[in-house]
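Numbering (the working numbering), first residue to last: 1351 to 1655.
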């Protein structure tokens, strides 16, 4: 029998030349797992799949509500007031005989469009302020950041109510008010990303090769600063839906008989003891949509990292 050393292990060879103990492979360390494999595991989790399905159904409801309900969301049916959920009316009817399921389906377009408008306002204006603050620096940075600090110090609901009082009631004005409350958050996030990217070697090389300030800003700084902003935008969409529903519940959003989700909850609160479905059904829908948006935003953040 012959023996030899292989690294830190000792093996004995019999007459056939086969070692009597084979080396055991070391277990794979978590740090050696490919990032692509981690991303794939993130994208196939059941919670994320359910969230995506919920958002797809809601978006289809906003784009083509006729595919999900044939009832009129505004006109009531005689003799069908305050009917409990049944096969004829899946989520029951309200005090005017209107099908609640149809009103929730048709209300998706009002809630989603308002949330998208609010997020667009915050994204565009906040990104512009953050890029100017992070790239110019100096007194411009100080002035913009002090304005951002003032906006962040005011509660979002109080600020949105103040803006609505100045602009007037309505879905559009509510979306503008909610969008203004998110400008400061976008500006601070974009500013921190721009400051980090501005000090990168490839940006300095672009300036050194003769690139102008606007060219380098548009070609290198801005695209590489929006990675974290994408996930934050999705998160703000869920927050915007919740804020718009709150404003409509308080009577500052969409006017009756608009089938907006927050307004549906407000209209059903007077019947919560006898017709609980009028508040429970739209409330559950709002919770599911906001949770789904937040779950998708979390997945986007993990993939980007």
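All residues carry an ideal CB built from backbone N, CA and C; glycine is no exception. The model shown is predicted, which means the values in this text are computed figures rather than measured ones.
DSSP bridge partner residues for residue i (one or two, in chain order)
i, result
"residue 1449", "1443"
Buried/exposed call for residue i, threshold 16 Cβ in 10 Å
i, result
"residue 1593", "buried"
"residue 1492", "exposed"
"residue 1434", "exposed"
"residue 1344", "In this structure the chain extends from 1351 to 1655, so residue 1344 is not present and cannot be described."
"residue 1450", "buried"
"residue 1373", "Since pLDDT at residue 1373 reaches only 49, below the 50 mark, its modelled position is unreliable, and no value is offered."
"residue 1399", "exposed"
"residue 1480", "buried"
"residue 1576", "buried"
"residue 1403", "exposed"
"residue 1413", "exposed"
"residue 1546", "exposed"
"residue 1624", "exposed"
"residue 1555", "exposed"
"residue 1562", "exposed"
"residue 1437", "exposed"
"residue 1439", "buried"
"residue 1441", "buried"
"residue 1559", "exposed"
"residue 1425", "exposed"
"residue 1482", "buried"
"residue 1622", "exposed"
Integer Cβ distance of residue i from residue j, believed to fall under 8 Å
i, j, result
"residue 1418", "residue 1455", "5 Å"
"residue 1484", "residue 1541", "4 Å"
"residue 1445", "residue 1427", "With a Cβ gap of about 12 Å, residue 1445 and residue 1427 do not count as contacting."
"residue 1589", "residue 1613", "Contact doesn't hold; Cβ gap of about 19 Å is too wide."
"residue 1411", "residue 1468", "So it is not a contact: roughly 19 Å between Cβ atoms."
"residue 1443", "residue 1579", "At roughly 43 Å, the Cβ-Cβ gap does not stay under 8 Å, so residue 1443 and residue 1579 are not in contact."
"residue 1421", "residue 1514", "Their Cβ separation, rounded to whole angstroms, is 31 Å, which puts residue 1421 and residue 1514 out of contact at 8 Å."
"residue 1501", "residue 1534", "4 Å"
"residue 1642", "residue 1465", "Incorrect: roughly 13 Å between the Cβ atoms, too far for contact."
"residue 1423", "residue 1453", "5 Å"
"residue 1650", "residue 1581", "4 Å"
"residue 1457", "residue 1611", "5 Å"
"residue 1397", "residue 1645", "6 Å"
Backbone secondary structure at residue i - three-state DSSP
i, result
"residue 1422", "coil"
"residue 1562", "coil"
"residue 1480", "helix"
"residue 1433", "coil"
"residue 1395", "coil"
"residue 1527", "helix"
"residue 1573", "helix"
"residue 1550", "coil"
"residue 1626", "coil"
"residue 1489", "helix"
"residue 1543", "helix"
"residue 1598", "helix"
"residue 1367", "Bear in mind that the predicted position of residue 1367 carries a pLDDT of just 47, short of 50, making it too unreliable to give a figure here."
"residue 1606", "coil"
"residue 1411", "helix"
"residue 1427", "coil"
"residue 1438", "coil"
"residue 1504", "coil"
"residue 1578", "helix"
"residue 1512", "helix"
"residue 1633", "helix"
"residue 1642", "helix"
"residue 1589", "helix"
Below-8 Å beta-carbon distance, residue i vs any chain C residue
i, result
"residue 1615", "In the displayed structure, chain C is absent; only one protein chain is listed."
Report yes or no: do three or more beta-carbon pairs, one from the segment 1586-1605 and one from the segment 1501-1517, lie closer than 8 Å? yes
Given 8 Å as the limit, is there contact between the segment 1562-1576 and the segment 1629-1640, that is, 3 or more CB pairs closer than that? no
Taking 8 Å as the threshold, find out whether the segment 1468-1482 comes into contact with the segment 1528-1535 through three or more Cβ pairs. yes
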